[in-house]
Structure formats: C-alpha cells, structure tokens
Amino acid sequence: MASPSFQAPKGTRDILPPQSTRQRALIDLFADVVERASYGAVSTPMFEDIGVFLRLGEATDVVTKEMYDFVAKDGNHIALRPELTASVVRAFVQHRPATPWKVWYEGPQFRYERPQAGRYRQFTQVGIEALGTSDPELDVEVISLAADFYKRLGLEQVTLLLNSLGDATCRPGYLQALEGYFRDNIAELSEQSALTLDINPLRVLDSKRDQDQPLIDGAPLMVEFLTPELAEHFDQVCKGLEQLGIAYTLSPRLVRGLDYYTLTTFEFAADALDTAQNAIGGGGRYDGLAESLGGPDTPGIGFALGVDRILLACDAEDTFPAPSISPEVFVVDVSGAHVSLELTHMLREAGFTADRAWDNRSMKAQMKVSDRSEAAFAIIIGEDELAADSVTVRDLRGDSGQRLLKRTELISYLQTQLR
Ligand code: AMP
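Residue 460, in my numbering, is where the sequence shown stops; the numbers in between run on with no holes.
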C-alpha cells in the first residue's frame, strides 16, 4: 500500500535555506536595532489561557473568528497566540519588573485567516513593547525604531500612517457621535457592519467593504474629540517625529485590528506591495491593557512587524538578499585515509566555515560537489599530499590558482586569504 503523502497545512509554509537564513538575518538585524535602544529579548509561551487573548476585544476578527483554541487534557481552555502584546503584558503583570520595561520579541503567531499572498495562518512577527511611561517621546522612540529597521533593510517605499485614538476620557463621547452618525445612515451600511455597530462602532471604520466606504469617509473623526491634554500628547509625538526627520501621514480613520489601542496609533504600509497585504507593521499605545489583565494601571506602547510581508516588500524593492550560505572552504579527500574528517573539524575550530564531500567518491565527483557549494577554496588531499603531510589549496573564486602547503601552514594561509 502506498504511504500517504503529506503537505504543510493550508496557510502555512516550509521555509527552507536560503530563505530561512534570510529570515534569521532579518531577525538579527532587528535585534541589533532595538538592543541598541536597550530593549531586552523576552520569550513567552506560544499558547496562553484563552482569557489573556479575550482582552484583545470582543468585536475583533482576531478574537471572534481567527483564534486556534482548544480544551487541553486538563480541561483548560487554551489558545495559540494570535499576537504577542497580550502575552507580553500578561508576563509584565505576572513578574512586575521595574519600569520602564522595554522588551523585544520574535516568533510565530497563529490566526485562522483565509490564506492568500502575504496572509498566512502561521506567520512570524518581530516587535517591541515598552511599559511604564506615558512620555510622548517614548512614542517617538518606538516609532523611530521601526522606521530605522525598515531603512536598514534598504526599504525606501514605506509610508508611516499616524493617528490618535484618544482614551477613556474622550472616547465615549466620540463613540456616541460615531454610533449616532452610523445609525442615522444605517440603510447605507453593509449588513456585517450594522452588526459590528452593535458591539463597537469604532470597528466599523475598519471595514474594507466597498459599500461602507462613502459613509466611513464622512464619519466624525476621533482627533476632533481629543481633550486638550491628549491633543497636546499627539502634537508632541508629531513634533518629535519631525525633529528626527521621520515623515508621516496623518490618517484620522486608522483604527487597527485590536480593541485595546489608545492615543498614538500607527501603521507602516509598503507602497511596493498590493494594498491587500501592504501593511508591514503597526502598533500603538494600550494604556488600559495591563489593568484589564489584573495588573496595576500601567501605560504601554509597542508594535509588531510582519516578517513574511517585510521580506515580500524587500523582494519588490530588490533589497536585503538572502545571505550566502556557501562555505569558505570545501575539503576534497581522495587519499582513502579519512583526512577530511579531521581537517574539516580543525578548520571549523579555527573559525572557518567548512564543508566536505561524502562516500569516498572520485576526485571528479568530489570536485563537482565542491564547485556546487560555491566555496572560496577547495582543500584537496590525494595520495601525494597524504605522503607529504600537505594539502593542495585551490582558489575557486579568484585567480591565485593552486598551491601546495604543509598541513601546519594551512590555517595561517587561509587567514591571510579570508580574514
Ligand atoms: P497586527 O497584529 O494585526 O497589527 O499585525 C501586525 C503585522 O503582522 C501586520 O502589519 C502584518 O505585517 C503582519 N500580519 C498580520 N497578520 C498576518 C498574516 N495572517 N499573515 C502574514 N502577516 C500578517
């Protein structure tokens, strides 16, 4: 009977070398950008009690439709994380570290979405969270780190969209105005948005349905309802970004997919990608989240950037290629004396990247593998080299030909050539 053949589940992908190397290089670059700003790495479980994520909002698709949740053997209702802010804030509340607490993360997230280009059921995010201060300059720092990261990847066509969503002092008045406006025009609203309106009028602004657009375009704006204090906060964020030369576009209808956001809210769009998946990152303040997870009232701000989509944007802008995974040296051993075993080990210990051929094949076959590896040098050991305790070093990329060296001279020779 034929064995069944399996494929990666729908909406997931296998990421193989060299793309996996490229993804890791991207994460390393992100770590470099944020660690320079004193953000420390945080790692939380990939699943949590579902209650942690229910705090993200009852009217959000992420919570109502897209969560991978299950009852575990002990009866606990568990969900795979759809995002990381809630988990990080849960960890903050659990451990109560000193503030300001600045952390970064990377890892897979899970959402039961309809898969398409740039939209997966398992995708990778990198992000930061900073808890413990309402200082608008922190908003500027957070946004500037994302902007720096895109710049260091070589992305040039990235637009920063910026808005303020107010907070509990002014949002109720705005929600009332917004709800009144939509109710007055309910006949023009799509059926789904009319349902959303009952739960959270703000979320109607996030509707992508064509039918809703004219009404959304004429809806009251949050910024018109900000208290003087919050308007001042937003103004300082804008001024800080200008001070750092970071261009932004005011986007008064930007609401984002999760309910917990307050005040500064932002999204980054890659202009080189189709609009359906051009959101390559987003974030904002979430000043009420820690309290809703049972912690002290603690302001916080952060962002999450979609690694898979950023790499698509890099492809579209032809930047940040996959780093080379070819070894520096490739050992070809036809001596029959197992020299390659010891030699590759020694080369790796000396800090070189080294690979070798297998199965005692002919010189021609081994050289073919060596060529394919795109190594800079082949180290060849035949019977003559074995007898003379030597190796032949062949330059495979440059034009220095080949030379016979004593085995004891090999490391220092390679150092002059490769370091
Ligand atoms: P969000 O947590 O929804 O604000 O998402 C932050 C970023 O993660 C987005 O800007 C996207 O770049 C990325 N992202 C969100 N959902 C997906 C998905 N299903 N597939 C790939 N990337 C995603």
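Every residue, glycine too, gets a C-beta built ideally from N, C-alpha and C.
Own chain residues within Cβ distance below 8 Å of residue i, not counting five before or after
i	result
V129	V83, T85, V144, Y146, E170 and G343
S79	K143
L70	F190, R193 and L194
P141	A171, L172, G173, T174 and L179
Q233	S248 and R250
P255	E229
S292	L202, L203, N204 and E308
E89	I119, A120, R122, A127, S128 and R131
Reduced DSSP category for residue i - H, G, I as helix; E, B as strand; rest coil
i	result
P149	strand
D430	coil
A406	helix
H136	helix
A187	helix
E332	helix
H8	The chain is shown only over 42 to 460; residue 8 falls outside these bounds and no answer can be derived.
R326	strand
L445	strand
R193	helix
D436	strand
Q198	coil
D90	strand
Q166	strand
R463	Lying outside 42 to 460, the shown extent of the chain, residue 463 is not represented and no answer is given.
K280	helix
D115	coil
Q252	helix
R131	helix
L70	helix
L388	helix
I422	strand
Q157	strand
G221	helix
R397	strand
Closest Cα partner of residue i within the set the options
i	options	result
W399	G392, R389, A416 and V380	V380
I119	M87, T101, W142 and R137	M87
R250	W142, A317 and A313	A317
A158	D176, E197, A288 and R54	R54
L427	R402, A378 and A406	A378
V74	L194, P337 and R435	L194
D315	L334, A357, F275 and P337	A357
T303	A288, V410, T339 and G281	T339
K106	Y153, L230 and L70	Y153
G392	I420, Q456 and S441	Q456
S175	E424, Q217, N241 and L271	L271
L196	L67, A78, E383 and F47	L67
Q198	A406, T360 and T394	T360
R162	L256, R326 and A49	A49
G322	Y301, L352, M404 and Q443	L352
G336	R131, L256 and G168	R131
L459	M408, L388, D425 and K409	L388
A188	E383, T101, R212 and E283	E283
R326	V410, P138 and A127	A127
P177	R160, H274 and V375	H274
R294	L262, Q277, A310 and G168	L262
A310	G168, A260, P58 and T200	T200
A260	L382, Q217, Q277 and L285	Q217
F164	I240, E424 and I56	I56
Q60	G168, F47, C355 and G286	C355
Whole-angstrom C-beta distance between residue j and residue i, which should lie under 8 Å
i	j	result
T305	D180	5 Å
Q319	D328	Reading off the sequence shown, one finds Asn at residue 319, where the question assumed Gln. Not confirmed; about 28 Å, so no contact.
L243	L219	7 Å
V296	Q166	So it is not a contact: roughly 19 Å between Cβ atoms.
R402	D430	24 Å between Cβ atoms; not a contact.
A345	F133	With a Cβ gap of about 16 Å, A345 and F133 do not count as contacting.
V29	D258	Within the shown structure, residues of the chain are numbered from 42 to 460, placing residue 29 beyond reach of any answer.
P156	G52	4 Å
F151	Y109	5 Å
G281	F307	At roughly 13 Å, the Cβ-Cβ gap does not stay under 8 Å, so G281 and F307 are not in contact.
I421	R435	6 Å
V375	Q407	7 Å
Spatial neighbours of residue i in its chain, beta-carbon cut-off 7 Å, leaving aside the 5 residues before and after
i	result
V104	F94, L95, L97 and G98
I113	Looking at the sequence provided, one finds Ala at residue 113 rather than Ile. Only I119 meet the Cβ criterion.
T496	Residue 496 falls outside the range modelled here, since the chain spans only 42 to 460, and no answer is possible.
A235	I227
6 Å Cβ shell around residue i - same chain, five flanking residues per side excluded
i	result
Y454	L446
Inset, instruction - Would you check if there are 3 or more beta carbon pairs closer than 8 Å linking the segment 184 to 196 to the segment 222 to 233? - result: no
Legend entry - Meets three-Cβ-pair contact criterion under 8 Å: the segment 113 to 127 and the segment 88 to 102: yes
Legend entry - Cβ pair count under 8 Å reaching 3, the segment 360 to 379 against the segment 413 to 420: yes
Inset, instruction - Check whether the segment 264 to 284 touches the segment 205 to 215, counting contact only when three or more Cβ pairs, one atom from each stretch, lie closer than 8 Å. - result: yes
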